[in-house]
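Numbering (the working numbering), first residue to last: 19 to 225.
See the structure below:
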């Protein structure tokens, strides 16, 4: 399995609250990225984990990475998460799991097919990508608008990276990539049976 963590943002959304980027916010004495790597390495010991980061964050990430044996690749600054991923995935083979830098997967189940990890968003403040489903298959999704109760937890699995590459051109968000893939006949399931802590909002961080 290929696990890719893109860290190439500009800290615009939470920058008004914290000068520290999301992946470096402390949780139990360590940066969020430390815990995310810790849990991913333990859950998927066989996986090839790659962090994609621009030069602004590269030194801090390499310092965290001294505890783990994962690949860190410096990438050019881009305008979107999808554009960052495409710098790497165009030459990648096999499956791919994309993990947002602002989450800690406390417990995460093994993916068996194209899959999006979600949580129940009924009581949230609607700041997450949301998904419409029918019999656990995604029929619609978008970015940061309320569609249905399922919110993206920040982990997306493609059982072959070619699906992502074929559907990513012109898209900024993975939700758009998934919708393109669905239109082409690919099925994406949801997985809500997991525990993922996300630094998506101020209430998440201080709760």
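Even for Gly, the Cβ is constructed at its ideal location relative to N, Cα and C. Since the model is a prediction, treat every value here as computed from it, not as a measurement.
Item: Would the region 101–108 count as touching the region 159–172 if we require 3 or more Cβ pairs under 8 Å?; Value: no
Item: So, residue 196 versus residue 150, is the Cβ gap smaller than 8 Å?; Value: no
Item: Which partner residues does residue 136 have in the DSSP bridge list?; Value: 170
Item: Alpha carbon to alpha carbon, how far is residue 160 from residue 185? Give it in angstroms, no decimals.; Value: 15 Å
Item: Are residue 22 and residue 68 touching if we call contact CB-CB under 8 Å?; Value: yes
Item: Terminal residues of the continuous beta strand (DSSP E) containing residue 18?; Value: A question about residue 18 goes unanswered here, because the residues of the chain that appear run from 19 up to 225.
Item: Can you determine whether any heavy atom of the ligand MN sits closer than 7 Å to the C-beta of residue 68, and answer yes or no?; Value: This structure lacks the ligand MN, and indeed carries no ligand of any kind.
Item: Within 10 angstroms of the Cβ of residue 187, are there 16 or more other Cβ atoms? Answer buried if so, exposed if not.; Value: exposed
Item: Pick from 25, 180, 211: whose alpha carbon is nearest that of residue 94?; Value: 25
Item: What does DSSP give as the partner residue(s) for residue 57 in the beta ladder?; Value: None; residue 57 has no bridge partner.
Item: Quick one: any contact between the region 117–127 and the region 206–217, if contact means 3 or more CB pairs under 8 Å?; Value: yes
Item: May I ask you to report which of helix, strand or coil DSSP gives residue 115?; Value: strand
Item: Quick check for students: name the residue ranges of the alpha helix (DSSP H) that lie wholly in the region 178–214, counting only runs of 4 or more.; Value: 179–186, 192–201
Item: So which of 147, 199, 171 has the shortest CA-CA distance to residue 179?; Value: 199
Item: Which first and last residues belong to the beta strand (DSSP E) in which residue 84 is found?; Value: Residue 84 -> no beta strand (DSSP E), and no H or E assigned at all.
Item: Skipping 5 residues on each side, what residues in its chain have a beta carbon closer than 8 Å to that of residue 88?; Value: 55, 59, 67, 68, 69
Item: According to the Cβ coordinates, are residue 137 and residue 171 closer than 8 Å?; Value: yes
Item: Please report the residue range of the beta strand (DSSP E) in which residue 70 lies.; Value: 66–71
Item: In angstroms, rounded to a whole number, what distance separates the CA positions of residue 82 and residue 126?; Value: 22 Å
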